[in-house]
Every structure is written in C-alpha cells, then in structure tokens.
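Student:
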Amino acid sequence: MGISGLAEGFLAGFNTMERYQRGQKEDERMDKAMSLRDAMWQNEQERQKVADERYQGELAYREGRDKLADAKYDKQVALTERQVKSSEARAGAAERRATAQEARQQQEYEWQKEQRNKQLFQQENLPIIQSGWQAVAEGKDPGQQFWGVVRDPRAGSFNPERYLQQDYAEAGKTFVTYAGNLVRQAQEGKLDPSTPEGHAAVNNPQFIKAAGTLYQDEVSKGVGDIDPESGKTITDKQLNNIMITPDGRGVVLGVEVTYDDGSKAVRPVTNNRTSAPDDHPKVIPINDFLKPAYQRAALAKHMIGNADQLRTSLGLTAGPDQAGYKKAVTELEKQHGQNKARISASNADDKDLQQEALDAQFEQSKAALADTYSMASKADAPKQEAPIKEWTSGDPERLQFVKEANQHGKLSGLLDNPTRMNTAFELWRQQAAKQRQTEQAAVTANRLRDTETNAYQAMSLAQARR
C-alpha cells in the first residue's frame, strides 16, 4: 500500500510535469504562430502600402499625361484656328490684291484710252483748230465749227477762252517772273534745291499756285477715279510742291489729292497718272516743264492785252460788268494791302524796291481787270511808264537796274531800243555779281587776317605767362 501510493504519487507528479511541459510547448507554438501571423499581417500591410503608393503614382502620372494631352489638344485646336484664319486672311488679301490690280489695270487702260482719244480728236480737228486760231489772231470770228471743236473737253488747251481769264494771265506773269529768277540764281550758283532754303525758294506759295493754274489740265488728271489702295473716290487735285531731281535736270510734281470723305494726301504725279504702287513718279525734264508754261503765259498775255477785240471777235462781249469789276478790284486791293503789310513788317534791305514792284504789279492787275470786265476806256490807256513796268515785271534786279540807269541819265536812251536795254542789263548784272564776289572775298580775307592776328596774340600771351 505504501509502495503503490508512492508510485501513484510519482506518476501523478510525472503527469503534472508532462502536462506543464506540454503546456509550455503549446504556449511556445502559439507564440510562434502569433508571431508568424503578426509578421504575415505586417508584411501584408507593407504590400498594401506599396500597392497604394504605386496606385497613387500611377494616378498622378495619368493625370499629368491627361493634362499634357489636353494642353497639346488645345494647342492643336488653336493652331488649326490660326491656320484657318491665316488662310482666310491670305485668301482675302489675294482677292483684294487681285481686285486692286484689276482696278489699276482698268484705270491705266481708261487713262491711256482717254489720251488716245484726245490725241486722235486733236489730230483730226487740227486744220479747224489752226484756221480758227489764225482767225482769232486776226480779230475775226472763227466760226461755230471752231467753237464746237475747242469747247469739247478733248480739245484741252486749244480752247482760247481760258486765256482770257484774268487769274490765268496773272498766273502766267507770276510763273515767268519767278521761274526766270530761279534760273538766274541757279546759273549764278546762288540756288541749291537740295538744301532746305533752296527747296523753300522753289516751293514759294505764289509760284506753286501759278504753276498749278497753268498746268491745271495735267494736274487734275484722275479726278473722279477710285483710288485702288483705299477705295476712296478722288474729288480734287491741286499742285502742292515741286521736287528737283538730284542731278538738277528734272522735276517731280507733288499733288494734294482730296477724297470723297474729306481726307487729303500728297502724292507724286506718276507716269500713268494712277495711284498704283508700280506706277512710278514721272520725272519731267526742266525744259519740258518750263516751255509749255512760258508759251501759255505769253499767249495769255497777248490775249489779255487785246481782250476787247478778242472778246468781240469770239462773241464773248457782254458789256461792262460794274458789279463784277467792283468785287474783283476790292479783292485785289485787299490782297495788295496784305502784301504791303507783310513787306513792311519784314527786315529785308530791299524793302522799298519790293514795295515799288508790288505797286507796279497792282496797277497792271487793276488795268487788266478793267479790260476783263469791259470797264477800260481811252482815258485809261497806259502812260509813258508802261514800258518800264512791262520790262521790269516786278523783278527786284531789273527795278534796281532801272533806278541806277535813271540816276546816270541813261534810261531814256535804253528804252528806245529793247535789245540794248536787255544787253545793258545783262552786263550790269554780271558786273554786280563780280562786285559781290569781290566784296565777299575781301570780307573773307579780312576775317582770315583777324583770325591770324588773334592767334598770334594768343600765342604771345601764352608765352608771356610762362
């Protein structure tokens, strides 16, 4: 009993120990299993985090690609729109150029056609024109056939009525006087058109106005046409300026063009009288510019001088026009007063000569107005001094020559012979030019001597200071 109890006690202890050890091993296995599950869960978390980061990266990448694609698409759309607009603009510009080119060609064709018709008309009617002008020169009636021809616009300058207009005659006188002065100054080396002063001298307002009157037919070419550049209608043209070419052999006329909307622009006279870009400015030789104006001025002077006889022969006499004469004289006196005031206010040395020339021109203009309005009478016939006024024509140099010739008692002898008068004037003018050159040379020499003396004095003073 004692042994069996001890054995049972040992057995119970062994069983208890075995259960304890088995429990520990079970706990260890459970701990390992838990650690393994924790590791697996942690690993799963890491994988999930990596997957999430990869997803976010792919999402951001796709968003970036989508933005780039959208921007590229927007650029492509904008580029396409610009290309479409540019294509439309080019097509419109090409159409406008084609239309402008067609308009220019049509304009040039019409102008050339007009010139051919004008030349053909004048050639066909030249015998009638010549015989009619011969009758006018003889104070006879040229006949209705002549008037039917010259009153046609294609006759142009062959119509004698224009030469009986007082403004035309005055323009001729102004042009001849001023152009003669310009030519003389250029020959003497006093005029350089390339300088601002020379350009201003050539473009004197009175000279420009006179030239515009004499060349009104040439200047007004193209009035009524459409400017292909702007699409505006040309309503008026006036001579604005005269440009001398660099070689001094030709001129280019500048015309002020007025459009139907009231705007204005200065354009050069071109070869074909158009505003086309390829229609270049027309260079007119000096002689070709002066000769027609001189001829027209001489003709106007002749016809104004025989105004009563010519008006009678031409059937234009309508009796004295007192109202018209009074109005014209009032305007002339107003202009004369303004010119005198301007001369009086100037600082010119030859102020008195200018006043005399202006007064002489005023008297001539007033007498011409009397002829124009049939107000002249025998009592108004030119007096003894008319040859002097006619010869001087308001030229300051000629007035000075007459003054000096009269002081020396040689004027009456020269007046009897116009050739001697002109020869004496040329000799006097040459001598005066030489005298001016001599005086200028003396002034220059004195200045040089003064400069040299001042230099020596400065050197001496500097040495003395040392």
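Residue numbering for the sequence shown follows the UniProt record's numbering, starting at 1 and increasing by one per position. Built from N, CA and C at the ideal position, the CB exists for glycine as well. Since we're looking at a predicted model, the values are computed, not measured.
1. In this structure, how does DSSP classify R151 when only helix, strand and coil are distinguished?
2. Would you say the segment 202 to 215 touches the segment 241 to 252, given that touching needs at least three Cβ pairs under 8 Å?
3. So which of D279, E102, V149 has the shortest CA-CA distance to residue 468?
4. Compute the distance between the beta-carbons of V223 and K237, then report whether it is under 9 Å.
5. Between the alpha carbons of K118 and Q144, how many angstroms are there, rounded?
6. P153 to G250, Cα distance in whole Å?
7. I'd like to confirm the pairing. Which residues does DSSP put opposite K237 in its beta bridges?
8. Could you spell out where the alpha helix (DSSP H) holding K264 opens and where it closes?
9. Are at least three pairs of beta-carbons, each pair with one atom in the segment 389 to 399 and one in the segment 174 to 190, less than 8 Å apart?
10. CB-CB under 6 Å to Y61, same chain, minus the five flanking residues each way: which ones, in chain order?
11. From D380 to V329, what does the alpha carbon distance come to, in whole angstroms?
12. Run through DSSP, which three-state label would V252 get?
13. Can you give the beta carbon distance from V283 to R267, rounded, assuming they're within the 8 Å contact cut?
14. Excluding the five sequence neighbours on either side, which residues of its own chain have a C-beta within less than 6 Å of the C-beta of F158, listed in chain order?
15. Scan the segment 274 to 300 and note each continuous beta strand (DSSP E) run of 3 residues or more that stays entirely inside, going in chain order.
16. Our contact map puts L239 next to A211 with C-beta atoms below 8 Å; I'd like the distance itself, whole angstroms only.
17. Here's the rule: buried if 16 or more other CB atoms are within 10 angstroms of the residue's CB, otherwise exposed. What is Q107?
18. Whole-angstrom Cβ separation of F425 and R398, contact assumed at under 8 Å?
Tutor: Reading from the atomic positions:
1. Translated into positions along the sequence shown, residue 151 becomes position 151. In this structure, R151 counts as coil in the three-state DSSP scheme.
2. Contact between the segment 202 to 215 and the segment 241 to 252 is present, because at least three Cβ pairs lie under 8 Å.
3. In the structure displayed, the chain extends from 1 to 466; residue 468 sits before or after that span and is not available.
4. Translated into the one-based positions of the sequence shown, residue 223 becomes position 223. Translated into the one-based positions of the sequence shown, residue 237 becomes position 237. Judged by their CB atoms, V223 and K237 are nearer to each other than the 9 Å cut-off.
5. Walking along the sequence shown from the start, residue 118 turns up at place 118. Walking along the sequence shown from the start, residue 144 turns up at place 144. Approximately 20 Å, taken between the alpha carbons.
6. On the sequence shown, residue 153 is found 153 positions in, with the first residue counted as 1. On the sequence shown, residue 250 is found 250 positions in, with the first residue counted as 1. P153 and G250: Cα-Cα distance of roughly 29 Å.
7. Sequence index remark: in the sequence shown, residue 237 carries index 237 (1-based). DSSP output for K237 lists V257 as bridge partner(s).
8. To locate residue 264, count along the sequence shown from 1; it is residue 264. From DSSP, K264 is part of no alpha helix (DSSP H) but of the beta strand (DSSP E) over 264 to 268.
9. Short answer: they touch.
10. On the sequence shown, position 61 is the one that residue 61 refers to. Here the set comprises nothing.
11. For the purposes of this step, residue 380 is taken as the residue at position 380 of the sequence shown. For the purposes of this step, residue 329 is taken as the residue at position 329 of the sequence shown. With a pLDDT of only 46 at D380, under the threshold of 50, the placement of this residue in the model should not be trusted; the figure read from the coordinates follows. Taking the straight line joining both Cα atoms gives about 15 Å.
12. Locating residue 252 in the sequence shown gives position 252, counting from the first residue. DSSP places V252 in strand when its eight states are reduced to three.
13. One-based indexing of the sequence shown puts residue 283 at position 283. One-based indexing of the sequence shown puts residue 267 at position 267. 15 Å between Cβ atoms; not a contact.
14. To locate residue 158, count along the sequence shown from 1; it is residue 158. Correct list, in chain order: I129, V150.
15. Whole beta strand (DSSP E) segments, 3+ residues: zero.
16. Here the question's residue 239 lines up with position 239 in the sequence shown. Here the question's residue 211 lines up with position 211 in the sequence shown. L239 to A211, Cβ: 6 Å. Contact.
17. Taking the sequence shown and counting its residues from 1, one reaches residue 107 at position 107. Q107 should be labelled buried.
18. By one-based count along the sequence shown, residue 425 stands at place 425. By one-based count along the sequence shown, residue 398 stands at place 398. For a cut-off of 8 Å, the C-beta gap from F425 to R398 is around 7 Å, short enough to register as a contact.
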